[in-house]
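Working notes, structure below.
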Amino acid sequence: MSSSFFIKTKENSKFSKKGKSISAPKRKGDGDSGAKSKVRAKKPNAKFNEEISSDSEAESPVVPRKRQPVEDIDYAETPQEKKLRLAKLYLEQLKEADDNKAEDDDFETDLVAGRLEEDVLEQKGKLQRLIAKDLIQPDASEIRVLRGHKLPITCLVISPDDKCIFSAAKDCSIIKWDVESGKKLHTIPGGRKGTEDRHVGHTAHILCMDISSDGKYLATGDMNKLIMIWEGETCKHLYKFTGHKGPVSGLSFRKGTHDLYSASHDRSIKVWNVDENAYVETLFGHQDAITGLDSLSRERCVTAGGRDRTVRVWKIAEESQLVFHGHESSIDCIQLINEEHMITGADDGSVSLWSVNKKKPLSTVKQAHGCHGDAALEQPHWVASVAALQNSDTVASGASSCSHNSHVQLWKCGQYYRRLERLFSVPVSGFVNSLKFSSSGQFLVAGVGQEHRLGRWWRLKEAKNGIYIIPLKRKPPNPEENKMAE
Numbered sequence: 001m002s003s004s005f006f007i008k009t010k011e012n013s014k015f016s017k018k019g020k021s022i023s024a025p026k027r028k029g030d031g032d033s034g035a036k037s038k039v040r041a042k043k044p045n046a047k048f049n050e051e052i053s054s055d056s057e058a059e060s061p062v063v064p065r066k067r068q069p070v071e072d073i074d075y076a077e078t079p080q081e082k083k084l085r086l087a088k089l090y091l092e093q094l095k096e097a098d099d100n101k102a103e104d105d106d107f108e109t110d111l112v113a114g115r116l117e118e119d120v121l122e123q124k125g126k127l128q129r130l131i132a133k134d135l136i137q138p139d140a141s142e143i144r145v146l147r148g149h150k151l152p153i154t155c156l157v158i159s160p161d162d163k164c165i166f167s168a169a170k171d172c173s174i175i176k177w178d179v180e181s182g183k184k185l186h187t188i189p190g191g192r193k194g195t196e197d198r199h200v201g202h203t204a205h206i207l208c209m210d211i212s213s214d215g216k217y218l219a220t221g222d223m224n225k226l227i228m229i230w231e232g233e234t235c236k237h238l239y240k241f242t243g244h245k246g247p248v249s250g251l252s253f254r255k256g257t258h259d260l261y262s263a264s265h266d267r268s269i270k271v272w273n274v275d276e277n278a279y280v281e282t283l284f285g286h287q288d289a290i291t292g293l294d295s296l297s298r299e300r301c302v303t304a305g306g307r308d309r310t311v312r313v314w315k316i317a318e319e320s321q322l323v324f325h326g327h328e329s330s331i332d333c334i335q336l337i338n339e340e341h342m343i344t345g346a347d348d349g350s351v352s353l354w355s356v357n358k359k360k361p362l363s364t365v366k367q368a369h370g371c372h373g374d375a376a377l378e379q380p381h382w383v384a385s386v387a388a389l390q391n392s393d394t395v396a397s398g399a400s401s402c403s404h405n406s407h408v409q410l411w412k413c414g415q416y417y418r419r420l421e422r423l424f425s426v427p428v429s430g431f432v433n434s435l436k437f438s439s440s441g442q443f444l445v446a447g448v449g450q451e452h453r454l455g456r457w458w459r460l461k462e463a464k465n466g467i468y469i470i471p472l473k474r475k476p477p478n479p480e481e482n483k484m485a486e
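At position 250 of the sequence shown (counting the first as 1) the number is 250 in UniProt numbering, and the numbers step up by one without a gap.
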């Protein structure tokens, strides 16, 4: 481009030599009545080297040009026009996406409808995912055992994301494990009796524990009548709840909340608000020590009454309870399958399936884990723990006996929970004091010890304390069935 903005002519060259610039002539009507001046506008598509002339018509006559069509002129876009254009573009993209995903939308609609239907069935306690038919017994080599407690393991829970296991034992310690690697993530050591004032943690056998559905809080209860609240992520101690007059034998967080239910050998159930670090109320009804407790999302809990041989459903809001009879011996453990069905185990070796709408069991299997001893003195293996894969047809029970040859039994609940059918058993060495299914249904965890969690009636020297991680293997897909489904 030319270094000077104006075209040099013979008449103005002398001014250029003096270094002065020539200003553009004034427009007509601006005080200059002399020569006319005309400024030619730069054509939008003109070449870069084009120069603009400001000479008079006499010196540089203007060449007339054809007027450009209006549509060929590139006008600057106003903000309003830009908004309108972007809005139109966005609408076009939405329309295109809707056209391309018509089938996907239909699928998603069906999926949402299916989920809503499942939620309704779950709330009504009628959801039953059929999983048991596909389960097969794992090989012994596929079962992992975690060891770290010095004394028998009494209870355990699995984190909601299935990544961690929390276990507690008679050595008063709590260990947080990584499921994938099997390594310890945190250890809360137990203290000796008499060090309660200065030790942060338990100084007596831990009998029960539970974790909130969001993994925020971990609760543990011990023989010293204490409930400890811990931070689930860091295992930091938060609160200590007192009030029970006997060992704390059961703990359960209400699903979706931080309301905690606790049961005790003092025959009472207490309700706590962990967020507020507050006691709420106490419920009475059992005639003997409570041995187990569980709850789901409804404002209610279920309990096993030990030697009073009753199962009770506590309706917290209504301040009422339902009493169920059926076992012929002490009921040691209880677990909800869904909001309407539950499973229990007793020390006479029986396992029972219940509905909250029936006062008697829907199904009972006696001597569920077989018997031990001589023919004349044969005794059934004691059912010390039960577990349920929520909203499914799969449950499990664990036995305790004076023989180290014990096992975990997997069961299938028949249609409408009317019967229990054996699937397979997994041998373990010791008392199965605690059982938990993972939320995903990918594995089952068993807490095994040399002694029963509540006493020292037998000590199995051959047994070892450990956490058994049992994979729940599925049958390989059948190509013929897939073809029929297609």
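Backbone N, C-alpha and C define an ideal beta-carbon position, used for all residues, glycine too.
Under 8 Å between C-beta atoms of residue i and residue j
i      : j      : result
ALA376 : CYS333 : no
ILE206 : THR187 : no
THR203 : LYS225 : no
HIS199 : ASP171 : no
SER167 : GLY447 : yes
ASP374 : ALA132 : no
SER252 : TYR261 : yes
VAL386 : ILE343 : yes
VAL395 : GLY345 : no
GLY246 : ASP222 : no
ILE467 : LEU156 : yes
LYS412 : ARG147 : no
ALA388 : PHE437 : yes
SER264 : VAL248 : yes
PHE424 : LEU410 : yes
GLY292 : GLY232 : no
Cβ separation of residue i and residue j, assumed to be a contact under 8 Å, to the nearest whole Å
i           : j      : result
ASN338      : ASN391 : 5 Å
ASP294      : LEU336 : 5 Å
GLY306      : ILE331 : 6 Å
residue 499 : GLY449 : The requested residue 499 is not part of the displayed model; the chain covers only 1 to 486.
GLY201      : ARG144 : 27 Å between Cβ atoms; not a contact.
Sequence-distant residues of the same chain with beta carbon closer than 6 Å to residue i, five excluded per side
i           : result
residue 489 : With the chain covering 1 to 486 only, the question about residue 489 has no answer from this structure.
ASP55       : Bear in mind that the predicted position of ASP55 carries a pLDDT of just 42, short of 50, making it unreliable; the figure below should be weighed with that in mind. Cβ neighbours of ASP55 beyond the five flanking positions: none.
PRO471      : PRO138, GLU142, PHE443
LYS193      : THR203
SER320      : none
THR364      : SER350, SER352
HIS327      : ARG309, ALA346
LYS28       : Note that LYS28 scores a pLDDT of 42, beneath 50, so its modelled location is shaky and nothing firm can be said.
LEU322      : VAL313
HIS244      : LYS225, SER264, ASP266
LYS359      : PHE324
Burial state of residue i (16 or more Cβ within 10 Å)
i      : result
TYR417 : buried
LYS475 : exposed
ILE469 : buried
GLY237 : Correcting the residue type first, residue 237 is His in the shown sequence and not Gly. HIS237 should be labelled exposed.
ARG312 : buried
THR234 : exposed
PRO361 : buried
LEU130 : exposed
ALA278 : exposed
LYS270 : buried
PHE324 : buried
THR154 : buried
GLN93  : exposed
ILE136 : exposed
ALA368 : buried
GLN80  : exposed
Neighbourhood of residue i by C-beta distance below 8 Å, restricted to the same chain and skipping five residues each side
i      : result
GLU180 : LYS163
ASP134 : ARG474, LYS475
ASN478 : none
ARG85  : GLU77
SER440 : ASP162
TRP230 : ILE174, ILE188, TYR217, LEU218, ALA219, THR220, LYS236, HIS237, LEU238
LEU435 : SER385, VAL386, ALA387, ALA396, SER397, GLY398, VAL408, LEU444, VAL445, ALA446, GLY447
Own chain partners of residue i with C-beta closer than 7 Å, once the 5 adjacent residues on each side are dropped
i      : result
GLY31  : In this prediction, GLY31 has a pLDDT of 45, which is less than 50 and means its spatial position is unreliable; what the coordinates show is noted afterwards. If we look at GLY31 and ignore the five residues flanking it on each side, it has no Cβ neighbours.
ILE165 : LEU156, ILE158, TRP177, VAL179, VAL445, ILE467
VAL428 : SER406, HIS407, VAL408, ALA446, VAL448, TYR468
GLN379 : CYS371, HIS372, GLY373
I'd like the ranges of any alpha helix (DSSP H) spanning at least 4 consecutive residues and lying wholly in the segment 308–364.
The segment 308–364 contains no whole alpha helix (DSSP H) run of 4 or more residues.
Beta strand (DSSP E) segments (min. 3 residues) lying fully within the segment 360–395:
363–365, 382–388
List in chain order: all unbroken beta strand (DSSP E) runs of 3+ residues lying wholly within the segment 406–477.
420–429, 431–437, 443–449, 466–471
Please list the segments of the beta strand (DSSP E) lying wholly inside the segment 158–190, counting only runs of 3 or more residues, in order along the chain.
Within the segment 158–190, the complete beta strand (DSSP E) segments of 3 residues or longer fall at 164–169, 174–178, 184–188, listed in chain order.
Runs of alpha helix (DSSP H) lying entirely within the UniProt repeat "WD" (199–231), each at least 4 residues, in chain order
DSSP runs (the alpha helix (DSSP H)) wholly in the UniProt repeat "WD" (199–231): none.
Length-filtered (3 minimum) beta strand (DSSP E) runs lying within the segment 246–288:
248–253, 259–264, 268–273, 278–284
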